[in-house]
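Below: the structure, in structure tokens.
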Amino acid sequence: MRQFLWICFGGALGTGARHAVGLWMQRALGGAFPWGTLTVNVAGSFLLGAIAEVASSGERMSPTLRLALTTGVMGGFTTYSTFNHETLRHFQSGAIGTA
56 MRQFLWICFG GALGTGARHA VGLWMQRALG GAFPWGTLTV NVAGSFLLGA
106 IAEVASSGER MSPTLRLALT TGVMGGFTTY STFNHETLRH FQSGAIGTA
């Protein structure tokens, strides 16, 4: 149960961070292209790899922390569903190149 709660807490942090980055990127670069989703998915993939490397190396990382960071934070930060929704929305609006 403890791991479950840490994963939920991490997911909330990751989701909040994803939303903040999305808003920031939209303000900085405009909304014609989903820069926020691209940014969080690229950054999240890199960070997930870095966390996995630290967890698998000689560094000490508890299984609970690893799950909270990977499944929770990075799972909430990166999202295939948002990518899929935005791509479909661009197709439906006729922006095939952006999709």
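One point on numbering: in the numbering used here, the residue at position 15 of the sequence shown is 70, and numbering is uninterrupted. Think of the CB as a built atom: it goes at the ideal place given N, C-alpha and C, for glycine as much as any other residue. The model shown is predicted, which means the values in this text are computed figures rather than measured ones.
Check	Outcome
Cβ atoms of residue 95 and residue 76: under 8 Å apart, would you say?	yes
If you draw a straight line from the alpha carbon of residue 149 to that of residue 135, how long is it in whole angstroms?	21 Å
I'd like to know if the stretch 121-141 and the stretch 96-110 are in contact, where contact means that at least 3 CB-CB pairs between them fall below 8 Å.	yes
Which of the three DSSP states, helix, strand or coil, is assigned to residue 62?	helix
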